[in-house]
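Engineer: Just so you know, we're using our numbering here: the sequence shown kicks off at 1 and counts up by one.
We put the beta carbon where it would ideally sit given N, CA and C, even for glycine.
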Amino acid sequence: MIHTIAAEDKKWKRGYLWNQPGADKDGKKLSEKTSPAYWFGPYEDYRLYAIKQALDKVWNIFTSNKTGGLTLKLRC
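1. Does the Cβ-Cβ distance between Ile51 and Phe62 come in under 9 Å?
2. What residues in its chain sit with their C-beta under 6 Å from that of Pro36, if we drop five residues either side in the sequence?
3. Compare the Cα-Cα distances from Arg14 to each of Lys66, Lys73, His3 and report the closest residue.
4. For Ile5, which residues in the same chain have their Cβ closer than 8 Å to its Cβ, ignoring the five residues on either side in sequence?
5. For Leu70, which beta-bridge partners are listed by DSSP?
6. Measure the Cβ-Cβ separation of Tyr38 and Glu32 and say whether it is below 9 Å.
7. From this set, Ala7, Lys11, Arg75, which residue's C-alpha is nearest Pro42's C-alpha?
Quick look at the structure:
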């Protein structure tokens with residue numbers, strides 16, 4: 001969802017999407033607690049891009065199994 005919002009070129013659209021709840025597999029809106037605004041506060045560009053940067057770093061760790069110079073062995 002964060003990457004979809006960040007891909008929008010108009011700030012007002014990013015702000016609108018930021019306040020929208022998530023949806024289930026059928027497109028039905030879920031609880032307001034699923035919106036980024038609920039968890040991270042009102043929309044600001046700097047906030048969106050900081051969250052996106054953090055998610056990208058976490059995703060990179062999970063997909064490469066490395067953080068810094070350490071190799072990780074993930075266990076579920």
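Structural biologist: Answer, in terms of the structure:
1. No, the Cβ-Cβ distance between Ile51 and Phe62 is not below 9 Å.
2. So the list reads Trp18, once near-sequence residues are dropped.
3. In this structure, His3 is the residue among Lys66, Lys73, His3 with its C-alpha nearest to the C-alpha of Arg14.
4. For Ile5, where only same-chain residues beyond five positions count, the Cβ hits under 8 Å are Arg14, Leu17, Trp18, Pro36, Leu48.
5. DSSP lists Thr67 as partners of Leu70.
6. The answer is yes: Cβ separation under 9 Å.
7. Among Ala7, Lys11, Arg75, the Cα nearest to that of Pro42 is on Lys11.
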